[in-house]
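Colleague:
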Amino acid sequence: QKLPYLARLGVNGLYLNPIFAASSVHKYDTADYTAIDPDFGTEADMEQLVRTAHSLGIRVMVDAVFNHCGPQFAPWRDVVARGPASPYWKWFLVHRWPFAEGDTRDGRYDSFAFHGGMPKLNTGEPAVQEYFISLCEGWVRRYGIDGIRFDVGNEISHAFLRRLRARLKAVDPELYLLGEIWHDAPAWLEGDEYDAVMHYPLQSAVRRFFEDRDASAAAFGWDVGRCMSVYAPQVNEAQFTLLDSHDTIRLRSRVPDEAACWQQLAALFTLPGSPCILYG
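If you want it as structure tokens, here you go:
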């Protein structure tokens, strides 16, 4: 219902946080990668969203959480129940059997941020690669999405990303592949993996200048220039630039007044890249 309003603002892309079935509020603990979470609607609703967005010149990007899954993901439940006898044993990185699900600082299995409910997927395993590549192909064909953002994008197998890119670009050469990487990431942007990453170093450069009253314009130029010099010009044009996200403090919450907020936004929209604003 808000798409016409967004189109009037000049928005030409939507990045959706995870929309697939999960038990949490944030949905980064996926239970079923093939089903839209009922908190958001149905598969038909998703198809209608993309169709309507496209009619208004707006593209749609979904969030792919392939670094880890949630505790109710069927292959993980099978591993918990059957251990090495499970056909999904190599899908995960389990170091001790039997194990209890929980904090993984003791090394029982690998998980995201030692969170027992987010077991890490072994994206170097061919069966895991095929599952998720086929899944993405299905998303593109069924929903007509225009981009995929990969959560914890620096911890996913390079070989997996190369296979995935080749397969997905064969389905849609214009598909935008975005990695969540918080540091300089030239190794992922050589033309055979991601098209862009979330440009957090540039966010930091903008933030440093506006929060340091003693910072000079020349220092700001050097800082931004360093961020840009890491990549080829065509990569900088495609980079996902931002000042806040669902993973950071909100821009308006960390500046003293509204004027300071608008100044940083002016910088974001003037610099090269594909600027994104967080609705929150």
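FYI, the working numbering numbers position 255 of the sequence shown as 268, with every residue one higher than the one before it. The beta carbon of each residue, even a glycine, is placed where N, CA and C say it ideally should be. Please read all numbers here as calculations on a predicted model, not as lab measurements.
(1) Please identify the residue among Trp-201, Asp-185, Val-184, His-67 whose C-alpha is closest to the C-alpha of Leu-191.
(2) Assuming contact is defined by CB atoms lying nearer than 8 angstroms, are Thr-43 and Ile-49 in contact in what I supplied?
(3) Which runs of the alpha helix (DSSP H) spanning at least 4 residues fall entirely within the region 154 to 238, listed in chain order?
(4) Assess, as a yes-or-no matter, whether the region 106 to 121 is touched by the region 66 to 76 under the definition of 3 or more beta carbon pairs within less than 8 angstroms.
(5) According to DSSP, which residues form a beta bridge with Ile-49?
(6) Would you mind sorting Thr-136 into buried or exposed? The rule is 16 or more other CB atoms within 10 Å of its CB.
(7) For Glu-187, count neighbouring C-beta atoms within 10 Å of its own C-beta (all shown protein chains included) and say buried if the count is 16 or more, exposed if not.
(8) Can you tell me where the alpha helix (DSSP H) with Pro-246 in it begins and where it stops?
(9) Please list, in chain order, all residues of the same chain as Trp-110 whose beta carbon is under 8 angstroms from its beta carbon, the five residues on each side excluded.
(10) Grab the span of the alpha helix (DSSP H) containing Cys-274 for me, first residue to last.
(11) Verify whether the separation of the beta carbon atoms of Lys-133 and Leu-106 is less than 8 angstroms.
(12) Would you mind sorting Ser-258 into buried or exposed? The rule is 16 or more other CB atoms within 10 Å of its CB.
(13) Where in the region 70 to 120 do unbroken runs of the alpha helix (DSSP H), each at least 4 residues long, occur, reported from the N-terminal end onward?
Modeller: Result, derived from the coordinates:
(1) Proximity to Leu-191 across Trp-201, Asp-185, Val-184, His-67 peaks at Trp-201, based on C-alpha coordinates.
(2) Taking 8 angstroms as the Cβ cut-off, Thr-43 and Ile-49 do not qualify as a contacting pair.
(3) Counting only runs of 4+ residues, the alpha helix (DSSP H) found wholly inside the region 154 to 238 occupies 171 to 184, 213 to 224, in chain order.
(4) Judged by pairs of C-beta atoms under 8 angstroms, the region 66 to 76 does not touch the region 106 to 121, as fewer than three such pairs exist.
(5) Phe-33.
(6) If you draw a 10 Å sphere on the C-beta of Thr-136, you find 16 or more other C-beta atoms in it, and that means buried.
(7) Glu-187 comes out exposed.
(8) Where Pro-246 is concerned, the enclosing alpha helix (DSSP H) stretches over 246 to 251.
(9) Same-chain partners within the cutoff: Gly-96, Pro-97.
(10) Annotation for Cys-274: the continuous alpha helix (DSSP H) segment containing it runs 271 to 283.
(11) With respect to Leu-106, Lys-133 sits close: the two C-beta atoms are nearer than 8 angstroms.
(12) It is buried - the Cβ of Ser-258 has at least 16 other Cβ atoms within 10 Å.
(13) Those alpha helix (DSSP H) runs which fall completely within the region 70 to 120 and span 4+ residues are 87 to 95.
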